[in-house]
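Student:
In the working numbering, the protein residues as written are -16 to 75.
#1: So, is residue 6 buried or exposed, given that buried needs 16 or more other C-beta atoms within 10 angstroms?
#2: With respect to the alpha helix (DSSP H) encompassing residue 53, which residues constitute its N-terminal and C-terminal limits?
#3: For residue -9, which of 65, 73, 0 and 11 has the nearest alpha-carbon?
#4: Give the C-beta separation of residue -14 and residue 58 to the nearest angstrom, bearing in mind that I take them to be a contact with Cβ-Cβ under 8 Å.
#5: From residue 86 to residue -12, what does the alpha carbon distance come to, in whole angstroms?
#6: So with Cβ pairs under 7 Å, would you call residue 4 a contact of chain C?
#7: So, at 7 Å on beta carbons, what are the nonlocal neighbours of residue 45 in its own chain, with the 5 sequence-adjacent residues on each side left out?
#8: Within the chosen definition, does the stretch 35 to 54 reach the stretch 9 to 24 through at least 3 CB pairs nearer than 8 Å?
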């Protein structure tokens, strides 16, 4: 039971860290300025991760794919980090 809780916490921690990375690193790389794409064509990467609807004031808004991709990458990285930590502890 304790191992399942620790695994769940590691996965959730990875997901939270991925959200912070998404908005602190990915967003500024893809969108230098929220009004940048008002007069420019969007790229394929932009269209995958963000949409620009009139409901959002024609400013970039994360897509559903962005949400699930971030959750998936964060969960996997949290799980892998937990496995690495467990191996390191077992080795010592």
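We put the beta carbon where it would ideally sit given N, CA and C, even for glycine.
Tutor: Reading from the atomic positions:
#1: exposed
#2: 47 to 74
#3: Considering only alpha carbons, the answer is 65.
#4: 17 Å between Cβ atoms; not a contact.
#5: Residue numbering for the chain in the displayed model covers -16 to 75; residue 86 lies beyond these limits and cannot be assessed.
#6: Structure shown: chain C not included; a single protein chain is present.
#7: Here the set comprises 32 and 33.
#8: yes
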